[in-house]
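Undergrad:
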Amino acid sequence: GAVVSQHPSWVICKSGTSVKIECRSLDFQATTMFWYRQFPKQSLMLMATSNEGSKATYEQGVEKDKFLINHASLTLSTLTVTSAHPEDSSFYICSALTGTGAEKLFFGSGTQLSVL
Amino acid sequence: QKEVEQDPGPLSVPEGAIVSLNCTYSNSAFQYFMWYRQYSRKGPELLMYTYSSGNKEDGRFTAQVDKSSKYISLFIRDSQPSDSATYLCAMRPRAAGNKLTFGGGTRVLVKP
Numbered sequence: 070g071a072v073v074s075q076h077p078s079w080v081i082c083k084s085g086t087s088v089k090i091e092c093r094s095l096d097f098q099a100t101t102m103f104w105y106r107q108f109p110k111q112s113l114m115l116m117a118t119s120n121e122g123s124k125a126t127y128e129q130g131v132e133k134d135k136f137l138i139n140h141a142s143l144t145l146s147t148l149t150v151t152s153a154h155p156e157d158s159s160f161y162i163c164s165a166l167t168g169t170g171a172e173k174l175f176f177g178s179g180t181q182l183s184v185l
Numbered sequence: 018q019k020e021v022e023q024d025p026g027p028l029s030v031p032e033g034a035i036v037s038l039n040c041t042y043s044n045s046a047f048q049y050f051m052w053y054r055q056y057s058r059k060g061p062e063l064l065m066y067t068y069s070s071g072n073k074e075d076g077r078f079t080a081q082v083d084k085s086s087k088y089i090s091l092f093i094r095d096s097q098p099s100d101s102a103t104y105l106c107a108m109r110p111r112a113a114g115n116k117l118t119f120g121g122g123t124r125v126l127v128k129p
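Chains A and B, in that order, are what the protein sequence lines are. So the mapping is simple: my numbering equals the position in the first sequence, first residue as 1, plus 69. So the mapping is simple: my numbering equals the position in the second sequence, first residue as 1, plus 17.
#1: Quick check on K116/B: does DSSP put it in helix, strand or coil?
#2: Chain A partners of G33/B, CB-CB under 8 Å?
#3: Just curious, the beta strand (DSSP E) that K128/B is in, first and last residue?
#4: I'd like the span of the beta strand (DSSP E) that includes L113/A, first residue to last.
#5: Taking all protein chains shown into account, decide if G76/B is buried (16 or more other Cβ within 10 angstroms of its Cβ) or exposed.
#6: Once DSSP output is grouped into helix, strand and coil, what is the label at K173/A?
#7: With distances taken between CB atoms, is the gap from I138/A to L145/A smaller than 8 Å?
#8: With DSSP as the reference, please indicate the residues paired to P110/B in a beta bridge.
#9: Touching or not, the stretch 86-94 of chain B and the stretch 35-43 of chain B, by the rule of three or more beta carbon pairs under 8 Å?
#10: What are the residues of the stretch 111-141 of chain A that lie near chain B, defined by any Cβ-Cβ distance shorter than 9 Å?
#11: Would you kindly report the start and end of the unbroken beta strand (DSSP E) that includes P31/B?
#12: Please classify Y53/B as buried or exposed, where buried requires at least 16 other C-beta atoms within 10 Å of its C-beta.
#13: Quick check: is the beta carbon of K84/B nearer than 8 Å to any beta carbon in chain A?
#14: Who does V73/A pair with in a DSSP beta bridge?
#15: Which two residues bound the contiguous beta strand (DSSP E) that contains G71/B?
#16: Can you tell me whether DSSP reads D157/A as helix, strand or coil?
#17: Once DSSP output is grouped into helix, strand and coil, what is the label at S99/B?
#18: Along chain B, in chain order, which residues have C-beta atoms closer than 7 Å to that of L98/A?
#19: Closer than 8 Å, Cβ to Cβ, to anything on chain A: give me those residues from the stretch 37-48 of chain B, in chain order.
#20: Between which two residues does the beta strand (DSSP E) carrying L145/A extend?
#21: Using a Cβ-Cβ cut-off of less than 9 Å, list which residues of the stretch 148-181 of chain A approach chain B; keep chain order.
#22: Going by beta carbon distance, what residues of the same chain come within less than 8 Å of K17/B, once the five residues before and after it are set aside?
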């Protein structure tokens, strides 16, 4: 299957700082990427859909100014958690489409964010 | 009530046994059904993908969809300790692009 690289895999930061998470499609071009949040023992919650060259589409209840998404190229999308607080601590996962159809959706390895 | 319900487990089975997993859902518009395997602190990996009702087999994995009952299943034959993971079902309507609705996941433990 296609490879989606997510970096970093683990980050610890102080409250009030910003953290950037990168999601790269290594062997294909992804016009659409998705960002999810997952709490322990809970399901993936879609945060936003990231489209190359345009603004991200956020799900209801997700703060746009809090979670900045940039999809500047066909192989890279970034999620920046601004002014992070302890309640932002979570596992963040990205996914990318290699084509149409859900079977073409591949996930990154996730980023565990811990805000002190 | 959640759109997709999945027993969180843990489901513990001896090595070699059949693992039986299932999800129920309430949205009759769901047409595409997926099963993902997720190891701890890793991203989900697609195992099975089915469209509408019926069965699909791939190696040790069999996926079943019963749309009349709004019930999907995943069976893992000859389970191995390496199958120990969390299994997530996911589904979407025909016209939802690729926005999936996930179940909460079932944690499976295969004991040697």
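Every residue, glycine too, gets a C-beta built ideally from N, C-alpha and C.
TA: Considering the structure as presented:
#1: coil
#2: Those do not exist, as G33/B stays about 27 Å from chain A at its closest Cβ, beyond 8 Å.
#3: 123-128
#4: 113-120
#5: exposed
#6: helix
#7: no
#8: F47/B
#9: yes
#10: Q111, S112, L113, M114, L115, T118, E128
#11: 28-31
#12: buried
#13: no
#14: S94/A
#15: 71-75
#16: helix
#17: helix
#18: The residue you asked about is not Leu; residue 98/A is Gln in the sequence shown. Those do not exist, as Q98/A stays about 16 Å from chain B at its closest Cβ, beyond 7 Å.
#19: none
#20: 145-150
#21: F160, I162, C163, S164, L166, T169, G170, A171, E172, K173, L174, F175, F176, G177, S178, G179, Q181
#22: With chain B covering only 18 through 129, there is no way to say anything about residue 17/B.
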